[in-house]
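> Chains as they are written, first to last, in full-length UniProt numbering: chain A, 1 to 422; chain B, 1 to 422.
Protein chains: 2
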Amino acid sequence: MLTPEITKRITDAVDAAFDRQLEFTAELVRHPSLRAEEASAQDLMFTQMEARGLAMDRWQLDEETLSAHVGYGPTTVAFEDLTNVVGTYTPAGPATGRSLILNGHIDVVPTGPEDTWSRSPWDAEIKDGWMYGRGSGDMKAGLAANLFAFDALRAAGLAPAAVIHMQSVVEEECTGNGSLAALQRGYTAEAVVIPEPEENMLVRANVGVIWFKVRVSGKPTHVREMATGFNAIDAAYTVMGDLRELQDKWNADKGSHRYFEDLEHPINFNIGMISGGDWPSSVPSWCEFDVRAALYPGVTAADAWSQIEACLRDSTSGAEVSAVRSGFFSEGYVLEEGSDAEGVLASSHQEVFGSALESFTTPGYLDGRVFTLYGGIPALVYGPVSEAIHGFDERVHVESVRKVTKTIALFIAEWCGVTETR
Amino acid sequence: MLTPEITKRITDAVDAAFDRQLEFTAELVRHPSLRAEEASAQDLMFTQMEARGLAMDRWQLDEETLSAHVGYGPTTVAFEDLTNVVGTYTPAGPATGRSLILNGHIDVVPTGPEDTWSRSPWDAEIKDGWMYGRGSGDMKAGLAANLFAFDALRAAGLAPAAVIHMQSVVEEECTGNGSLAALQRGYTAEAVVIPEPEENMLVRANVGVIWFKVRVSGKPTHVREMATGFNAIDAAYTVMGDLRELQDKWNADKGSHRYFEDLEHPINFNIGMISGGDWPSSVPSWCEFDVRAALYPGVTAADAWSQIEACLRDSTSGAEVSAVRSGFFSEGYVLEEGSDAEGVLASSHQEVFGSALESFTTPGYLDGRVFTLYGGIPALVYGPVSEAIHGFDERVHVESVRKVTKTIALFIAEWCGVTETR
């Protein structure tokens, strides 16, 4: 256990640097690190980690290596544009503590129509205690929290007594291949902290996600013969209805899935994108839509996918229906209760917040599954209060970020151990 | 009335040139004259008309002039890419007959996915009595029929005794602005023949058409909070349902519209294109779709549009719904029975087909409305048997084309009168 005096030195150090932390977070937000456009933001992360004396590693994701892994989801952009950044801290003396990965993803989702934002998604303005911007919550505040929590120890005259890998990965929003590539590269540890925007709580369990693109097609005709022509847009909605029946069936089974029993609607099939037809006066012959489906922990992606394929094969639409996987092909995970890592996080959180750490189940994808399922590493997905991630006017609560940063700093000190440097 | 001997000379001349007519039709089909890409096909029409000694006129459509006309539909492509071609025949001697416009449109609709065609849409292959290809029926066979019907008189040693304007226009498939521009340029006559693919029949009445693009939008969120997020793709489908209620209401009123009483479904609202959403794992914030709506003759486009706007304003979707006009803004027309022009066509048709000319009502747009409504010119929309126009494997029946060409040739001779040139 950290002494009250050390605890205070660390949390004071977070406070002392917090303005700079916000400035850095804002700078990160101002890099629009949309998918395959993460390079400049990764440059910034690289530079910042390097300036802290970390041993730097930056590499391009490799399709061949990744695709051999059961957790791989098909990447549909050029691999040339995808690089991970990892900076490694190694203690000067013997590593007496427990090793740690501080993980975060640099990629952000599209803004949607920018005119629906009340401001630019990239200006990172702070107003009424919230920092706005695409990626502010999901999860540049978390990436900055990792970095500045690490800084706080040094500023407090302390050095972690174990190896720490600071990771900035890509592809968390679409495949999870970034964290998977980091694991495949050999980065492992005794715990991982991922400060995703989680309402100051710990994620106990989450769903797996599969992305797929459905194509519905048939024979069109002139609109004057519409009664005889197949209408792919109408048929697509029928297929969506078929998929939602499968979704309802899976939701009805929530009682048999630990940690999901009390969620109102744990399994969401989201129709996120649609396109179809070539001409207003022709009955549309094709329609494609993109689906994000969720699955419970313990259900393999392969099993879920075969149910989805069967659903599409048996579609009531009467159309030709085909589907290809287009991203995530991931299982969910459960963070089993009672780990040492969770215990340390709980005490750090209690120290900072003055209240017990709560855990919850989240029906969204998290890279935590990579570490838990394939690395045997307890994944502590824990982070600040946010609103409207993936929506308009995404924002993160500034004081929550401060407290989360303090919690992570205390966690590092307790988990890794510290030596005095003064 | 034409003598049997002259009739035979003319129809024999059509037969004699029919192989060349098919070759020329195929050449036209091999020019993919998609919207705003009609130039090379118009070059060909220009050259062919010029070679026949017609006085040539080719001009670019003009937005300012067009948009002042009540029948204008907003053009959404560059006007620079849109030119009409008209060749005018003037008799050497006094014009003793009735003047005529032979009209056809050069533009074709998109092919849709080409792999759904059994062959290239542009190879114009003839198989089992049908010529295949996008535009084969709609309406390059008709453009060629106009030209070769005109040729047949000359080959038969006859010269028309009235002015004939041979028109190849653009924009028939999207706005009708091509024929409208020709009318505005001053081209008028006592009758117009438009050999659209009409099953060897005469169009008695047709619908007007309005094109518009609907945008449905709202506030999205992360899919994990899907219950709280607005889903624009779902909302779009609700709006489509609202529009179909309006469509049903209009169809229910068919009994009060002359020539439409007996059609099963005269009013079609076609959802021809759709797009929406930015990311599979974000609840979609926007969705746009393109609608082609039909209206009865006698209903002004402005009236129909105000009903459509009210329908969208009162949408049950709970979404923000807006719409812009994106093409056709046209009224339907009726070809009143008993015109001299129809009488002449009926006798020409009887002569060639050995059966009475039938007329029918077609629930699709036709440029006939330009001449009928705004020029006071009887529009004879009459042409060959086709299948799958606007669909896959569009085709036109070769022997039907031959007969239609003969009918048009006899019509020219009877309507315009002829003088012997031998």
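The C-beta atom is built at its ideal place from N, Cα and C for all residues, glycine as well. Quantities reported herein were computed from a predicted structural model and do not represent experimental measurements.
Where does residue 456(B) fall in DSSP's three states?
One cannot answer for residue 456(B) here, as it falls past the ends of chain B, which runs 1 to 422.
> Below 8 Å on the Cβ atoms is my guess for residue 88(A) versus residue 163(A); work out the distance and round it to an integer in Å.
At roughly 7 Å, the Cβ-Cβ gap stays under 8 Å, so residue 88(A) and residue 163(A) are in contact.
> Are the Cβ atoms of residue 208(B) and residue 295(B) separated by less than 8 Å?
Their beta carbons are under 8 Å apart, which means residue 208(B) touches residue 295(B) by this criterion.
> Tell me which residues share the same chain as residue 256(B) and place their Cβ nearer than 7 Å to its Cβ, disregarding the 5 neighbours each side in the sequence.
For residue 256(B), where only same-chain residues beyond five positions count, there are no Cβ hits under 7 Å.
> Is residue 334(B) close to the ligand ADP? I mean its beta-carbon at under 7 Å from any heavy atom of the ligand.
Judged by which ligands are present, the structure shown has none, so any question about the ligand ADP falls away.
> Taking any Cβ of chain B, which residues in the region 280 to 305 of chain A have a Cβ under 9 Å from it, in chain order?
Flagged, chain order: 280, 281, 282, 283, 284, 285, 286, 287, 289, 290, 291, 292, 294.
> Shorter than 8 Å from the beta carbon of residue 353(A) to some beta carbon of chain B?
It does not; no Cβ of chain B falls within 8 Å.
> Which class does residue 392(A) belong to by DSSP, given the choice of helix, strand or coil?
Three-state DSSP puts residue 392(A) in coil, outside helix and strand.
> Would you give the residue range spanned by the beta strand (DSSP E) that residue 180(A) belongs to?
Note, residue 180(A): premise wrong, no beta strand (DSSP E); alpha helix (DSSP H) at 177 to 184.
> Could you give the first and the last residue of the continuous beta strand (DSSP E) run that contains residue 322(B)?
Its beta strand (DSSP E) spans residues 320 to 329.
> Kindly list the residues whose CB is nearer than 6 Å to the CB of residue 432(B), restricted to its own chain and excluding five residues on each side of it in sequence; keep chain order.
Residue 432(B) is absent from the structure shown; chain B starts at 1 and stops at 422.
> Using the beta-carbon count (16 or more within 10 Å), is residue 272(B) buried or exposed?
By the neighbour-count rule (16 or more Cβ atoms within 10 Å), residue 272(B) is buried.
> Give the residues of chain B in contact with residue 109(A), contact being defined as C-beta atoms less than 9 Å apart.
Result: 222, 278, 279, 281, 282.
> Helix, strand or coil for residue 373(A) per DSSP?
It is helical.
> Exposed or buried, which one is residue 20(B) when buried takes at least 16 other CB atoms within 10 Å?
It counts as exposed.
> Is any beta-carbon of chain A found at less than 8 Å from that of residue 105(B)?
Chain A, which has no Cβ nearer than 8 Å to the Cβ of residue 105(B), makes this no.
> Quick check on the DSSP output: the beta strand (DSSP E) that includes residue 215(B) runs from which residue to which?
Note, residue 215(B): beta strand (DSSP E), 208 to 217.
> Cβ atoms of residue 394(B) and residue 133(B): under 8 Å apart, would you say?
Contact: yes.
> Beta-carbon within less than 6 Å of residue 85(B)'s beta-carbon, same chain only, minus the 5 sequence neighbours each way: which residues are those?
Closer than 6 Å at the Cβ level, and outside the excluded window around residue 85(B), lie 42, 45, 46, 58, 168.
> Does residue 195(A) pass the burial test, meaning 16 or more other C-beta atoms within 10 Å, or should it be called exposed?
Looking at its Cβ environment, which holds 16 or more other Cβ atoms inside 10 Å, residue 195(A) is buried.
> Would the region 188 to 203 of chain A count as touching the region 359 to 367 of chain A if we require 3 or more Cβ pairs under 8 Å?
Result yes; three or more Cβ-Cβ pairs closer than 8 Å.
> With a threshold of 8 Å between beta carbons, is residue 79(B) in contact with chain A?
Not an interface residue.
> Enumerate, from N- to C-terminal direction, the unbroken beta strand (DSSP E) stretches of 3 or more residues contained entirely within the region 216 to 294 of chain A.
Those beta strand (DSSP E) runs which fall completely within the region 216 to 294 of chain A and span 3+ residues are 270 to 276.
> Could you name each continuous alpha helix (DSSP H) segment of 4 residues or more that falls completely within the region 68 to 98 of chain B, going from the start of the chain to the end?
Those alpha helix (DSSP H) runs which fall completely within the region 68 to 98 of chain B and span 4+ residues do not exist here.
> Tell me the rounded alpha-carbon separation between residue 348(A) and residue 136(A).
Each residue's Cα considered, the two are about 24 Å apart.
> Would you mind telling me which residues of chain A sit closer than 9 Å to residue 173(B), beta carbon to beta carbon, in chain order?
By Cβ distance, chain A contributes 279, 281.
> Is the beta carbon of residue 10(A) less than 8 Å from the beta carbon of residue 152(A)?
For residue 10(A) and residue 152(A), yes; Cβs fall inside 8 Å.
> Under a three-way DSSP split, which group does residue 349(A) fall into?
Residue state, collapsed to three classes: helix.
> By a C-beta neighbour count over all protein chains shown, 10 Å radius and 16 as the cutoff for buried, is residue 60(B) buried or exposed?
Classification for residue 60(B): exposed.
> When you check each C-beta in the region 384 to 416 of chain B against every C-beta of chain A, which residues fall closer than 7 Å?
Against chain A - using a Cβ distance shorter than 7 Å - the residues of the region 384 to 416 of chain B are 388, 389, 390, 391, 392.
> Which chain B residues are close to residue 275(A), counting only those with a beta carbon under 7 Å from its beta carbon?
Within 7 Å Cβ-Cβ: 274, 275.
> Starting from residue 211(B), find everything on chain A with Cβ-Cβ shorter than 9 Å and list it in chain order.
Within 9 Å Cβ-Cβ: 280, 281.
> At least one CB of chain A closer than 8 Å to the CB of residue 233(B): is that the case?
Taking Cβ atoms only, chain A reaches closer than 8 Å to residue 233(B), which makes this a yes.
> For the beta strand (DSSP E) holding residue 106(A), just list the boundary residues, first then last.
Unbroken run through residue 106(A): none, as it is neither H nor E.
> So that I know if they touch, is there some Cβ in chain A lying closer than 8 Å to that of residue 270(B)?
It does: the Cβ of residue 270(B) has a partner Cβ on chain A nearer than 8 Å.
> Identify the contact partners of residue 72(B) in chain A, using a Cβ-Cβ distance below 7 Å as the criterion.
In chain order: nothing, as chain A lies at least about 17 Å away.
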